[in-house]
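*Asks:* Chains as they are written, first to last, in this note's numbering: chain A, 36 to 259; chain B, 36 to 259.
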DNA sequence: CTGTGTGAACCTTTTCACAGCG
DNA sequence: CGCTGTGAAAAGGTTCACACAG
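(1) Take residue 212(A) and list the residues in its own chain whose beta-carbon comes closer than 6 Å to its own, dropping the five residues that flank it on each side.
(2) Which first and last residues belong to the alpha helix (DSSP H) in which residue 174(B) is found?
(3) Buried or exposed: which applies to residue 216(B), given that a residue is buried once 16 or more other Cβ atoms fall within 10 Å of its Cβ?
(4) At the 8 Å Cβ level, is residue 39(B) part of the contact set with chain A, yes or no?
(5) Would you call the region 138–146 of chain B and the region 91–108 of chain B touching, i.e. three or more CB-CB distances under 8 Å?
(6) Is the number of C-beta pairs between the region 88–96 of chain B and the region 127–141 of chain B that are closer than 8 Å three or more?
(7) With a threshold of 16 other CB atoms inside 10 Å of the CB of residue 149(A), please say whether the residue is buried or exposed.
(8) Under 8 Å between the Cβ atoms of residue 192(A) and residue 202(A)?
(9) Nearest-angstrom Cα distance between residue 81(B) and residue 67(A)?
(10) Quick one: which chain B residues come within Cβ less than 9 Å of residue 189(A)?
(11) Applying a beta-carbon distance threshold of less than 9 Å, which residues of chain B neighbour residue 8(A)?
(12) Classify residue 257(A) as buried or exposed, calling it buried when 16 or more other Cβ atoms lie within 10 Å of its own Cβ.
(13) Below 8 Å on the Cβ atoms is my contact criterion, and I expect residue 153(A) with residue 133(B) to pass it. Report the Cβ-Cβ distance as a whole number of Å.
(14) Kindly indicate which residue of 222(A), 186(A), 210(A) has the alpha-carbon position closest to the one of residue 198(A).
(15) Going by alpha carbons, who is nearest to residue 237(A) out of 47(B), 57(B), 46(B), 45(B)?
(16) What is the DSSP secondary structure of residue 135(B), counted as helix, strand or coil?
(17) What residue from 111(A), 96(A), 165(A) has the CA that sits closest to residue 59(A)'s CA?
(18) If you reduce the DSSP assignment to three classes, tell me which class residue 209(B) lands in.
(19) Using a 10 Å radius around the Cβ and a threshold of 16 neighbouring Cβ atoms, would you call residue 98(A) buried or exposed?
(20) So is residue 175(A) buried or exposed if we call it buried at 16+ other beta carbons inside 10 Å?
(21) Please report how far the alpha carbon of residue 123(A) lies from the alpha carbon of residue 165(A), in whole angstroms.
(22) Less than 8 Å between the CB atoms is what I'm expecting for residue 115(B) and residue 119(A), so what's the real figure, rounded?
(23) Classify residue 71(B) as helix, strand or coil using the three-state DSSP reduction.
(24) Comparing alpha-carbon positions, which option in 172(A), 78(A), 85(A) lies nearest residue 220(B)?
(25) When the cut-off is 8 Å and only beta carbons count, does residue 82(B) lie next to chain A?
(26) Keeping to the same chain, check which residues put their C-beta closer than 6 Å to that of residue 73(B); ignore five residues upstream and five downstream.
(27) Please confirm whether residue 90(B) has its beta-carbon closer than 8 Å to some beta-carbon of chain A.
(28) Could you compute how far the alpha carbon of residue 163(B) sits from the alpha carbon of residue 156(B)?
(29) Which of the three DSSP states is assigned to residue 85(B) in this structure?
(30) Name the DSSP bridge partner or partners of residue 190(A)?
(31) Examine chain B for any beta-carbon lying closer than 8 Å to the beta-carbon of residue 138(A), and answer yes or no.
(32) Which same chain residues end up closer than 6 Å to residue 46(B) when comparing Cβ atoms and leaving out the 5 residues on each side of it in sequence?
(33) Within the same chain, show all residues whose beta-carbon is closer than 7 Å to that of residue 171(B), passing over the 5 residues directly before and after it, in chain order.
(34) So is the beta-carbon of residue 91(B) under 7 Å away from any non-hydrogen atom of the ligand FMN?
(35) If distances are taken between C-alpha atoms only, which option among 239(B), 247(B), 214(B) comes closest to residue 241(A)?
(36) For residue 209(A) versus residue 234(A), is the C-beta distance shorter than 8 Å?
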């Protein structure tokens with residue numbers, strides 16, 4: 036049965052995708068000293084409509100106060116709990132090319148619940164190279180050992196396209212159950228493994244579609 | 036009527052987001068010498084269901100042959116036309132940090148319809164530095180001139196978070212109407228400007244949510 | 001009087017099922 | 001037969017509008 040709906044028993048997928056945005060906004064609000072905030076403020080900070088914010092938060096069995104809003108610290112803790120940010124997640128990064136190195140150096144992961152515990156590359160020439168403080172490139176041969184020894188369940192795939200599927204297979208065999216894939220290819224993975232795709236060229240193509248329509252001579256015959 | 040400008044008169048948004056995937060798959064199929072392909076093959080190659088593939092292609096007024104499938108070359112041309120890949124789009128990249136440099140060096144843009152015509156950074160120390168063959172970092176002061184002189188309508192924003200909104204404002208003022216934003220902040224832009232957001236840390240947080248549920252003890256064993 | 005929480009309406013997207021063409 | 005194209009149904013998501021709590 037294909038009924039393994041993405042939602043299962045938890046939060047709606049669309050809501051899950053927005054919780055990180057709320058968390059980010061709440062962290063900022065907290066830094067500014069706000070003790071409470073309204074759904075309108077969260078809407079403003081995240082680009083989501085306020086009705087949508089309220090609906091999302093209501094899924095958490097939310098505890099807003101009518102006439103006042105939400106307690107920033109409390110809501111922050113609530114969301115952190117919901118999306119598993121009470122622990123740090125160990126992540127392995129595969130592929131130390133330009134993109135891999137950029138991701139390894141990105142400070143935004145640590146502050147948002149993920150820790151890159153290893154950077155791996157297939158090229159022996161790169162092994163040993165320091166990518167960032169405390170992280171040196173390791174051999175792809177070590178992949179299985181790294182995943183097992185360092186309790187890794189999430190991988191970032193930043194290899195060349197042609198290697199992506201093979202690496203994904205190895206990751207899954209070694210116990211990884213979530214992959215963030217930057218290679219422009221649809222990975223085949225077994226049920227129970229989550230893949231999220233980041234395809235930058237595709238994003239530009241989507242923007243190009245809209246650009247094309249904007250410069251189209253007259254398609255804009257909406258009510259005048 | 037609150038004009039929901041998302042669809043207007045063109046293709047459904049969800050379809051537009053998948054056309055680049057089909058295009059990629061068709062290019063590969065063509066390289067292998069296949070003259071035709073079925074919706075099942077495209078489904079396999081893209082991870083989209085075959086019914087969904089057919090529905091998407093039918094929006095293009097598609098020309099498949101029943102019992103046979105689609106003509107690969109023809110469909111490729113059809114999709115390229117629909118998403119504006121008959122021309123190259125000039126793109127400006129702002130921010131030449133780790134990520135900006137990685138994006139500038141990414142070969143996948145050129146082969147998929149976008150050309151980075153300038154890399155710009157606010158740091159005078161970086162100006163003049165060669166990021167890739169034929170591309171040197173230019174000063175952020177040149178931004179307006181670059182956008183106008185090089186017919187740029189799409190920008191990639193890879194600046195630090197705190198600078199993103201200000202840069203976006205300048206981009207819009209200079210005539211940019213599409214932004215691919217890597218800074219983890221919700222940009223405020225006027226109507227008519229499209230923003231697509233890439234938030235890598237948020238992607239990991241979404242994966243973490245699912246990881247948390249997987250390791251959760253309560254699991255309804257319905258698989259059969 | 002303010003702003004949450006929520007049923008109901010509305011819209012988008014996906015899936016199903018099958019008629020019909022080659 | 002195989003595979004497209006497509007109405008119809010189902011699922012998923014967003015917006016509306018307002019009762020109601022503080």
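C-beta atoms are modelled at their ideal positions from N, C-alpha and C, and glycine is treated no differently.
Computed from a predicted model, the values in this text were never measured in an experiment.
*Replies:* The structure says:
(1) As a working mapping, residue 212(A) is identified with position 177 in the first chain. Result list for residue 212(A): 188, 228, in chain order.
(2) Translated into positions along the second chain, residue 174(B) becomes position 139. It is not in any alpha helix (DSSP H) - residue 174(B) instead sits in the beta strand (DSSP E) that spans 170–174.
(3) Within the second chain, the letter at position 181 stands for residue 216(B). When all chains shown are included, residue 216(B) counts as buried.
(4) In the second chain, the residue the question calls residue 39(B) occupies position 4. Only weak support exists for where residue 39(B) lies, its pLDDT of 31 falling under 50; the coordinates are left without a value.
(5) no
(6) no
(7) For the purposes of this step, residue 149(A) is taken as residue 114 along the first chain, with counting starting at 1. Classification for residue 149(A): buried.
(8) As a position in the first chain, residue 192(A) is number 157, starting the count at 1. As a position in the first chain, residue 202(A) is number 167, starting the count at 1. The answer is yes: Cβ separation under 8 Å.
(9) Taking the second chain and counting its residues from 1, one reaches residue 81(B) at position 46. Taking the first chain and counting its residues from 1, one reaches residue 67(A) at position 32. Residue 81(B) and residue 67(A): Cα-Cα distance of roughly 44 Å.
(10) Here residue 189(A) is taken as the residue at index 154 of the first chain, counted from 1. Per Cβ cutoff of 9 Å: 239, 242, 243, 246.
(11) A query on residue 8(A) cannot be resolved here, the shown segment of chain A reaching from 36 to 259 and no further.
(12) In the first chain, the residue the question calls residue 257(A) occupies position 222. With a pLDDT of only 39 at residue 257(A), under the threshold of 50, the placement of this residue in the model should not be trusted; the figure read from the coordinates follows. Answer is exposed; the Cβ neighbour count stays below 16.
(13) Counting from 1 along the first chain, the entry for residue 153(A) is found at position 118. Counting from 1 along the second chain, the entry for residue 133(B) is found at position 98. That pair is no contact at about 18 Å.
(14) In the first chain, counting from the first residue as 1, residue 198(A) sits at position 163. Closest option to residue 198(A), Cα to Cα, is 222(A).
(15) Along the first chain, read from residue 1 onward, the residue named residue 237(A) stands at position 202. Checking every option, the nearest Cα to that of residue 237(A) belongs to 57(B).
(16) Locating residue 135(B) in the second chain gives position 100, where the first residue counts as 1. Three-state DSSP puts residue 135(B) in a helix.
(17) The residue labelled residue 59(A) in the question sits at position 24 within the first chain. Selected option, being the one with the closest Cα: 111(A).
(18) As a position in the second chain, residue 209(B) is number 174, starting the count at 1. DSSP places residue 209(B) in helix when its eight states are reduced to three.
(19) Locating residue 98(A) in the first chain gives position 63, where the first residue counts as 1. Per the 10 Å Cβ criterion, exposed.
(20) The residue labelled residue 175(A) in the question sits at position 140 within the first chain. With 16 or more Cβ atoms within 10 Å of its Cβ, residue 175(A) is classed as buried.
(21) In the first chain, residue 123(A) corresponds to position 88, counting from 1. In the first chain, residue 165(A) corresponds to position 130, counting from 1. In a straight line, the C-alpha of residue 123(A) is about 23 Å away from that of residue 165(A).
(22) Indexing the second chain from 1 puts residue 115(B) at position 80. Indexing the first chain from 1 puts residue 119(A) at position 84. That belief does not hold up - the Cβ atoms of residue 115(B) and residue 119(A) are roughly 41 Å apart, past 8 Å.
(23) Here residue 71(B) refers to the residue found at position 36 of the second chain. Looking at residue 71(B) - three-state DSSP - the assignment turns out to be strand.
(24) Translated into the one-based positions of the second chain, residue 220(B) becomes position 185. Residue 78(A) is the option with its Cα nearest to residue 220(B).
(25) On the second chain, residue 82(B) is found 47 positions in, with the first residue counted as 1. Interface residue, yes.
(26) Stepping through the second chain from its first residue, residue 73(B) is reached at position 38. So the list reads 104, once near-sequence residues are dropped.
(27) Residue mapping note: residue 90(B) aligns to position 55 of the second chain, counting from 1. No, its Cβ sits nowhere closer than 8 Å to a Cβ of chain A.
(28) Stepping through the second chain from its first residue, residue 163(B) is reached at position 128. Stepping through the second chain from its first residue, residue 156(B) is reached at position 121. For residue 163(B) and residue 156(B), the distance between alpha carbons rounds to 10 Å.
(29) On the second chain, residue 85(B) is found 50 positions in, with the first residue counted as 1. Three-state DSSP puts residue 85(B) in a helix.
(30) Taking the first chain and counting its residues from 1, one reaches residue 190(A) at position 155. For residue 190(A), which the question treats as bridged, DSSP gives the partners 127(A), 214(A).
(31) Residue numbering aside, residue 138(A) sits at position 103 when the first chain is read from its first letter. Yes, residue 138(A) counts as interfacial toward chain B.
(32) Start at 1 with the first residue of the second chain, and residue 46(B) comes out as number 11. For residue 46(B), where only same-chain residues beyond five positions count, the Cβ hits under 6 Å are 94.
(33) Taking the second chain and counting its residues from 1, the one referred to as residue 171(B) is at position 136. Counting only Cβ-Cβ distances below 7 Å, and skipping sequence neighbours, we find 163, 164, 165.
(34) This structure simply doesn't include the ligand FMN, nor any ligand for that matter.
(35) Against the first chain, residue 241(A) aligns to sequence position 206. Among 239(B), 247(B), 214(B), the Cα nearest to that of residue 241(A) is on 214(B).
(36) One-based indexing of the first chain puts residue 209(A) at position 174. One-based indexing of the first chain puts residue 234(A) at position 199. No, Cβ-Cβ distance for residue 209(A) and residue 234(A) is not below 8 Å.
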